[in-house]
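Sequential numbering from 1 applies to the sequence shown in this note's numbering.
Where a beta carbon is used, it is the ideal one built from N, C-alpha and C, also for glycine.
So the structure is just underneath, and the comments pick up after that.
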Amino acid sequence: MKNKIITVQDIPITVSMADEVDYICITDMAAAKSDNSRAADVIKNWLRNRNTLEFLGTWEQIYNPGFKVVEFDHFKQEAGLHTFTLSVSDWIGKTDATGLMVKKGRYGGTFAHKDIAFEFASAISPVFKLYLIKEFQRLKEQENDLKKIEWDAKRFLSKNNYLIQTDAVKNYLIPVCNYREDLRWLPYAEEADVLNVALFGFTAKAWREANPELAKNSNVRDYATINELTVLSNLESHNAQMIREGRDKTERFEILKEIAEYQIGILSEAENISRQIGEGERDGQIH
């Protein structure tokens, strides 16, 4: 999990991302209680409340197809009794819930999906909840701005390299006397699709037919990942060079497809290694 810290009313709170989903540490949030209760007690008291269980159970039934409803109903019947207690571990273990998770170690604690974390914040105070939402939104806006800058940079690079490719097409693939003026776009489109198929596995036309609503205002490359756009810019340079060398389309396609598969694999592996290192650094500090 990738960890980031937000500060809510002078309390540092860990925000982690697991499988592209944000989880907020409610153990950290429990420190905002004005009394001297331990975080574990605050969470346990919140969890044994009937309204809390109904909220958690409803959330799980909406988002978690593996949730054990029968076990949930048993807990709900017991909720409110003086003898009823429930730990986060028991809740997860017996219902296969995914909205809460427990992490061990120095940077561990109980983490909740953001929807549930906001609900937990209500048990702290309405004011705390508002500040939590505000800081969380600020964090996500900051992340989105960084992603957009990176994506725009890669898109700009791929567009620049596309100019290199179109120049090669114009100078080496279009015999001036053999094409009518209104058909001069065909070689450019064909070369673009050589790259589309090599990288994405389908032509621009196939994507438009499969995504008619999206195709009204965009194209397949607008939905490419950062890694795909990085590889695309490399393919355009390679293709332009091979066009200048006089290689035929079939040969170029096979080479480009091999390059695309190799580079996507390398970038994906690098992402996994980076993620593992981040998790290792955190786990390495576990007591």
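Next on the checklist: Considering Cα atoms alone, identify which of T203, T14, G108 and K44 is closest to T85.
Outcome noted: K44
Checklist entry - So, helix, strand or coil for K140, using DSSP? => result helix
Next on the checklist: If I follow the unbroken alpha helix (DSSP H) through S237, where does it start and stop?
Outcome noted: I226 to R244
Item to check | CA-to-CA distance, K104 to Q9, given in whole angstroms | outcome: 25 angstroms
Checklist entry - Whose C-alpha, out of R252, E269, I13 and T27, is nearest the C-alpha of L132? => result I13
Checklist entry - Between which two residues does the alpha helix (DSSP H) carrying S125 extend? => result Run containing S125: none; DSSP gives neither H nor E here.
Checklist entry - Which residue or residues does DSSP assign as beta-bridge partners of A112? => result I24 and L100
Next on the checklist: For the beta strand (DSSP E) containing A18, name the first residue and the last one.
Outcome noted: I11 to A18
Next on the checklist: For the pair the region 194-208 and the region 231-250, tell me if three or more CB-CB distances fall below 8 angstroms.
Outcome noted: yes
Checklist entry - Thinking C-beta only, is A192 closer than 8 angstroms to A206? => result no
Item to check | Which residues DSSP lists as bridging V88, in chain order | outcome: The partner list for V88 (beta bridge, DSSP) is empty, contrary to what the question assumes.
Next on the checklist: From the DSSP secondary-structure annotation, give me the bridge partner or partners of T7.
Outcome noted: P12
Next on the checklist: Let me confirm a value: L130 is counted as buried when at least 16 other C-beta atoms fall within 10 Å, else exposed. Which label applies?
Outcome noted: exposed
Checklist entry - What three-state label does DSSP hand T203 in the structure shown? => result coil
Next on the checklist: Once the 5 residues before and after R48 are set aside, which same chain residues still bring their CB inside 7 angstroms of it?
Outcome noted: A79, F84, T85 and L86
Checklist entry - In its own chain, which residues sit with a C-beta less than 8 angstroms from the C-beta of E288, not counting the 5 before and 5 after it? => result Any question about residue 288 goes unanswered here, given that the chain covers just 1 to 287.
Item to check | Contacts around N178, its chain only, beta-carbon distance under 8 angstroms, and the 5 residues preceding and following it disregarded | outcome: Reliability of the predicted coordinates at N178 is poor, the pLDDT of 46 falling under 50, and no value is obtained from them.
Item to check | C-alpha gap between H17 and Y223, whole angstroms | outcome: As written in the sequence, residue 17 is Met, which differs from the His given in the question. So the two alpha carbons sit approximately 22 angstroms from each other.
Checklist entry - So what's A260 in DSSP terms, helix, strand or just coil? => result helix
Checklist entry - Is the beta carbon of L195 less than 8 angstroms from the beta carbon of I116? => result no
Item to check | Where S218 falls: helix, strand or coil (DSSP) | outcome: coil
Next on the checklist: Can you tell me whether R38 is buried or exposed? The criterion is at least 16 other CB atoms within 10 Å of its CB, across all chains shown.
Outcome noted: exposed
Item to check | Pairwise C-alpha distance: I11 and A121 | outcome: 13 angstroms
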